[in-house]
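Student: The sequence shown begins at 987 in the numbering used here and counts up by one. All residues carry an ideal CB built from backbone N, CA and C; glycine is no exception. Remember, predicted model here, so these are calculated numbers, not experimental data.
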Amino acid sequence: MLVLWTVLLFPAVVAGQQKQNADSLTYSLYQQQQWDELIRTGTAAIRQGVDHFYMQMRVGIAWYEKQNYRRAIPFFCKARQLNPIDEVATEYLYYSYLLAGRTADARVVLSQLTPAHRQKLGQKVPSVIDQVYIEAGPGFSGTSDLKQHNKNRRQADTIYNQAWYYDALQYYHAGINFNVLPQLQTYQGVSLISVEATQKVNYQQQPKPDFRHTAMQQEYYGNLQYTPLPGWKIVPAWHLTRIRYDVRNFKYDGALGLVSDTLSLTRHDNLFWLAINKEFGIFSAELNGALASFDGSDAWQAGFFVNVYPLGNLKLYTRTGLIALRDGQEANHLIFHQSVGTRVLPSLWLDVSATIGNLRGYTEQNAFVLFNIPEDARFKTEALLTWAAGNHLELSLRYRLMRRTSSYLTYINNEDFIVLEKDYNFNTFIGGIKWQF
987 MLVLWTVLLF PAVVAGQQKQ NADSLTYSLY QQQQWDELIR TGTAAIRQGV
1037 DHFYMQMRVG IAWYEKQNYR RAIPFFCKAR QLNPIDEVAT EYLYYSYLLA
1087 GRTADARVVL SQLTPAHRQK LGQKVPSVID QVYIEAGPGF SGTSDLKQHN
1137 KNRRQADTIY NQAWYYDALQ YYHAGINFNV LPQLQTYQGV SLISVEATQK
1187 VNYQQQPKPD FRHTAMQQEY YGNLQYTPLP GWKIVPAWHL TRIRYDVRNF
1237 KYDGALGLVS DTLSLTRHDN LFWLAINKEF GIFSAELNGA LASFDGSDAW
1287 QAGFFVNVYP LGNLKLYTRT GLIALRDGQE ANHLIFHQSV GTRVLPSLWL
1337 DVSATIGNLR GYTEQNAFVL FNIPEDARFK TEALLTWAAG NHLELSLRYR
1387 LMRRTSSYLT YINNEDFIVL EKDYNFNTFI GGIKWQF
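Structure below.
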């Protein structure tokens, strides 16, 4: 019987010794701040069943000290499960979320703290108004070269030629982000875009007077940002626009020749969006989609994106996406997006991106940006500088280059026509100011 009890107890004795050895070793590594070895030893111990509050905290702190906050988060989450009232674990989790860019999860953790604990962290209960954002900027095209190119086209064997040129735009936006609940925020904003356009027409090799006008686009944008569980985010959004513009139509009159009339029109472009995002350590995945109506024509978009944070923080991050789009012209397109962001100075970030594919009717950034442009665009690239100028103020400057396609309509006779295309560049600069309350 004594032999039997010895055999039965021996695994427990060995396990106890292993736990004691792992505890003493990881504690020693923690005191010596040997973070890499602590991560290796502590993670192995947890896998072998030496799993308790202090072991989770030691490994989490090791990742935190290496500034790999996304790797640290699961350990602090587990530590809080093992000891929900521990303030140190809560503080580490809060700052890990914040420094990893998971601000929605950080906000939920902050709401769970006592007033005294929030005061200790130098934080306060979020106000109803979370932030105010204003951005504006001009856009201009390279249509001068395009106009010269079209002017040099052969016109001797044609009876009618027409081209539209979108010369410049001016953009304004203002919005407010509201705190509704710890798990729920909403953004509401309005925009105004004015676009200067010119129509040039030649009839029987004789130029008609240029038709110049300014189209006005009024926009209302809103979204909800819902965090049902840590690591999950659901964002429904809507983008509603009203566009007022003039058109000049030509028709042939037997007695008067070519005559024109001008119409003032209004169109509505409305888009509804849904995105679901899930965090996976240094990765996050997003499924999104949109349904839209462009001047009564239905369109849709569906995309899948993967974000990668190789260092577990905001010093370096990438976003890769593949999008299927059916625009309002009933054409199907496949779009590829790639962006890279990095912190170039302690308070300055640089993001660069490229998007390849036909972007007519394309939307991005949770439907905040909508390219309901009147012509095809085959490519765009952007550069964004973001400066955290203080605890409350953030300034940004964005440059966007779009490769758009202009159409040149030519009638060879009264029935036969051809459409010639020519690519040109459209440049936009947008400056932004964000005030965080």
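Hey, would you say E1380 sits closer than 8 Å to K1420, going by beta carbons?
Tutor: Closer than 8 Å, so yes.
Student: Where does S1333 sit, in a helix, a strand or coil, going by DSSP?
Tutor: In the structure shown, S1333 sits in coil (DSSP, three-state: anything other than H, G, I, E or B).
Student: Which class does A1375 belong to by DSSP, given the choice of helix, strand or coil?
Tutor: It is coil, neither helix nor strand.
Student: Could you give the DSSP three-state label for I1359: helix, strand or coil?
Tutor: The answer is coil: DSSP assigns I1359 none of H, G, I, E or B.
Student: In the structure shown, what three-state DSSP assignment does L1024 receive?
Tutor: Helix at L1024.
Student: DSSP on I1071, reduced to helix/strand/coil?
Tutor: Reduced to three states, the DSSP call for I1071 is coil.
Student: Please report the residue range of the alpha helix (DSSP H) in which G1046 lies.
Tutor: Its alpha helix (DSSP H) spans residues 1039-1051.
Student: At the level of alpha carbons, what is the spacing between Q1204 and E1272?
Tutor: If you take the alpha carbons of Q1204 and E1272, they lie about 29 Å apart.
Student: Quick check on K1237: buried or exposed, where buried means 16 or more other Cβ atoms within 10 Å of its Cβ?
Tutor: K1237 comes out exposed.
Student: Among K1219, Q1006, P1124, K1194, whose alpha-carbon lies nearest the alpha-carbon of P1168?
Tutor: When each option's Cα is compared against that of P1168, the closest is K1219.
Student: Quick one: Cα of R1386 to Cα of F1269, how far?
Tutor: Taking the straight line joining both Cα atoms gives about 27 Å.
Student: Between A1160, A1092, R1253, N1165, which has its C-alpha nearest R1230's C-alpha?
Tutor: Here the closest residue by C-alpha is R1253.
Student: What is the DSSP secondary structure of Y1119, reduced to helix, strand or coil?
Tutor: Correct three-state label for Y1119: strand.
Student: What are the partner residues of L1079, as DSSP defines its beta bridges?
Tutor: Per DSSP, none; premise fails for L1079.
Student: Could you check if L936 is buried or exposed, using at least 16 other CB atoms within 10 Å of its CB as the buried criterion?
Tutor: Here the chain has residues from 987 to 1423 only, and residue 936 is not among them.
Student: For the segment 1114-1124 against the segment 1157-1166, are there 3 or more C-beta pairs whose distance is under 8 Å?
Tutor: As far as the Cβ criterion goes, the segment 1114-1124 touches the segment 1157-1166, which means the pair count is three or higher.
Student: Buried or exposed: where does N1377 fall if 16 or more other Cβ atoms within 10 Å of its Cβ makes it buried?
Tutor: The residue in question, N1377, is exposed, as its Cβ has fewer than 16 Cβ neighbours within 10 Å.
Student: Quick one: grab the DSSP three-state call for Q1105.
Tutor: Three-state DSSP puts Q1105 in a helix.
Student: Relative to the C-alpha of E1407, which candidate in A1363, K1194, D1072 has its C-alpha closest?
Tutor: The shortest C-alpha separation from E1407 is found at A1363.
Student: If you drop the 5 nearest sequence neighbours on each side, which residues of the same chain put their C-beta closer than 6 Å to that of F1423?
Tutor: So the qualifying residues of the chain are S1113, I1115.
Student: Taking the alpha helix (DSSP H) that R1093 belongs to, which residues open and close that run?
Tutor: Its alpha helix (DSSP H) spans residues 1089-1097.
Student: What's the gap between the Cα of S1474 and the Cα of Q1156?
Tutor: With the chain covering only 987 through 1423, there is no way to say anything about residue 1474.
Student: Between S1333 and E1361, is the Cβ-Cβ spacing less than 8 Å?
Tutor: No, Cβ-Cβ distance for S1333 and E1361 is not below 8 Å.
Student: Tell me whether the segment 1392-1401 and the segment 1305-1317 touch, counting them as touching only if at least three CB pairs, one residue from each stretch, are closer than 8 Å.
Tutor: Judged by Cβ distances under 8 Å, the segment 1392-1401 makes no contact with the segment 1305-1317, as fewer than three pairs qualify.
Student: Is G1347 closer than 8 Å to A1278 when the C-beta atoms are compared?
Tutor: It is a contact, given that the beta carbons lie within the stated cut-off.
Student: Cutting at 8 Å between CB atoms, please list the residues of its own chain near T1029, excluding the five before and the five after it.
Tutor: Here the set comprises V1045.
Student: Within this structure, are the beta carbons of N1136 and A1154 separated by less than 8 Å?
Tutor: Taking 8 Å as the Cβ cut-off, N1136 and A1154 do not qualify as a contacting pair.
Student: Can you list, in chain order, the stretches of the alpha helix (DSSP H) that have 4 or more residues and sit fully within the segment 1376-1414?
Tutor: DSSP runs (the alpha helix (DSSP H)) wholly in the segment 1376-1414: none.
Student: Could you tell me which residues DSSP pairs with E1316 in its beta bridges?
Tutor: None; E1316 has no bridge partner.
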